[in-house]
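First comes the structure, then the notes that go with it.
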Amino acid sequence: MSQRLIGSMRSILFALLICFSLSLPATAYENADLLPDHQTPVIDLAKSLSEVKRINLEKSLNEYENKTGWKIRVLTQYEKSPGIAVKKFWDLDERSLVLVADPRGGNLLNFNVGEAYFALMPRIFWVELQTRYGNQFYVRDNGEEMSIIDSINSVKECLNRGGCDVVPGLPKEQWVWTLCTSILGGVIAGVAAVPRKEDELIAWKWLLLMSPLWIMLFGVFGIAPVITRTNDLLPLSRNIFSFIAFFIFGFIFSKRVTSTSNS
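Reading the sequence shown from the start, the letters are residues -28 to -1, 1 to 235 in mature numbering (1 follows the signal peptide of the UniProt record, and there is no 0).
What follows is the structure, encoded as structure tokens:
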């Protein structure tokens, strides 16, 4: 009986040791053997880039660094990683940006950003950049190659502008969201504007009372994301037209409902 008890205790202790070892945080490591024997701004260990795209990307990054002084580096990895060895290999400093593409996580892209970049692009910019181009849907539709290249092109565009608060460009999914909020804002404004008295044409008091809601939906969520990300007038005009159209729809529909209920 005692031997069985001792054996059970050993099994429990062994299981606890395994759980404890798995729960320990991963420490930084260095594997310089994975680094190439020549200087290059792109280390494609995961083979995410075709040969032609890799060569073109290397050339463009070298030319951009020579022209502007901004250092952009790309590391793709899967099962193995050089770890902190890339810091010495690339001589990273405050003007350096390292894009790490690793398909094992929920998001393909990660960015190691030098301090000088934050003066031009805030931290929220890098979060949006990661979620826009590194999400599973974008990678599925466009491939890892374009995910990497498109994110780099966005960084270059912002550097050339002298800085960005948001990622340039308006994805279709984001525009649809701004369109929906514009429509909802129009409906709410239209319903609020329905006259409550016989001598009223528009209930201005109610329209102003509800203004924090419909202005937020239309202005903050419907217009601001568009004008800060693109100069294209088409999505902006569509949102404005939709707001006006659904303002009229909400106004007429609510007025008819009110008239029917009163009669």
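Backbone N, C-alpha and C define an ideal beta-carbon position, used for all residues, glycine too.
Can you find the residues in the same chain that come closer than 7 angstroms, C-beta to C-beta, to residue i, ignoring five residues on each side of it along the sequence?
i, result
"Phe219", "Gly158, Ala161, Gly162"
"Glu129", "Pro140"
"Thr230", "Val166"
"Trp42", "Tyr36, Arg67, Leu131"
By DSSP, does residue i sit in helix, in strand, or in coil?
i, result
"Val46", "strand"
"Val148", "helix"
"Gly86", "coil"
"Thr230", "helix"
"Ile56", "coil"
"Leu64", "coil"
"Leu29", "helix"
"Ala18", "coil"
"Leu71", "strand"
"Leu181", "helix"
"Leu81", "strand"
"Thr12", "coil"
"Gly41", "coil"
"Leu6", "helix"
"Glu51", "coil"
To the nearest angstrom, report how far apart residue i and residue j are at their CA atoms.
i, j, result
"Leu189", "Ser226", "20 angstroms"
"Asn125", "Tyr36", "11 angstroms"
"Lys139", "Leu47", "What sits at residue 139 in the sequence shown is Val, not Lys. If you take the alpha carbons of Val139 and Leu47, they lie about 22 angstroms apart."
"Lys177", "Ile96", "38 angstroms"
"Val99", "Met93", "11 angstroms"
"Asp9", "Thr202", "42 angstroms"
"Trp147", "Ser123", "19 angstroms"
"Asn28", "Gly191", "41 angstroms"
"Leu17", "Ala91", "31 angstroms"
"Ile15", "Gly222", "57 angstroms"
Suppose the cutoff is 6 angstroms on Cβ atoms and the five residues either side in sequence are ignored; what does the same chain contact list for residue i look like?
i, result
"Asn82", "Val72"
Could you work out which residue in the options is closest to residue i when comparing CA atoms only?
i, options, result
"Gly78", "Ala196, Val70, Tyr110", "Tyr110"
"Val198", "Glu66, Pro143, Asp74", "Pro143"
"Arg228", "Trp186, Met182, Ile187, Arg168", "Arg168"
"Lys52", "Leu6, Glu30, Ala217", "Leu6"
"Cys136", "Thr200, Ser183, Leu180, Glu145", "Thr200"
"Leu64", "Asp122, Asp113, Pro13, Arg76", "Pro13"
"Ile216", "Asp171, Leu156, Trp147", "Leu156"
"Phe61", "Gly134, Asp204, Gln11", "Gln11"
"Glu145", "Leu185, Thr103, Ser183, Thr232", "Thr103"
Output needed for residue i: all residues of its chain with C-beta closer than 8 angstroms, excluding positions within five of it in sequence on either side, in chain order.
i, result
"Ile195", "Thr150, Ser154, Leu208, Asn211, Ile212"
"Ser119", "Ala73, Leu80, Leu81, Tyr105, Gly106, Tyr110, Val111"
"Asn3", "Lys52, Ser53, Pro54, Gly55, Ala57"
"Glu117", "Ser20, Leu21, Ser22, Lys25"
"Leu181", "Ala164"
Comparing the CB of residue i with every heavy atom of the ligand NAP, is any distance shorter than 6 angstroms?
i, result
"Lys169", "The ligand content of the structure shown is nil, which means the ligand NAP is not present either."
**Message:** If we require 4 or more residues per run, which alpha helix (DSSP H) segments fall completely within the segment 123 to 179?
**Reply:** Whole alpha helix (DSSP H) segments, 4+ residues: 144 to 164.
**Segments of 3+ residues assigned as beta strand (DSSP E) that fall wholly inside the segment 91 to 124** = Correct list: empty.
**Asked** Along the chain, which unbroken stretches of the alpha helix (DSSP H) at least 4 residues long are found entirely within the segment 186 to 212?
**Response** Note on the segment 186 to 212: whole alpha helix (DSSP H) runs with a minimum of 4 residues are 196 to 199, in chain order.
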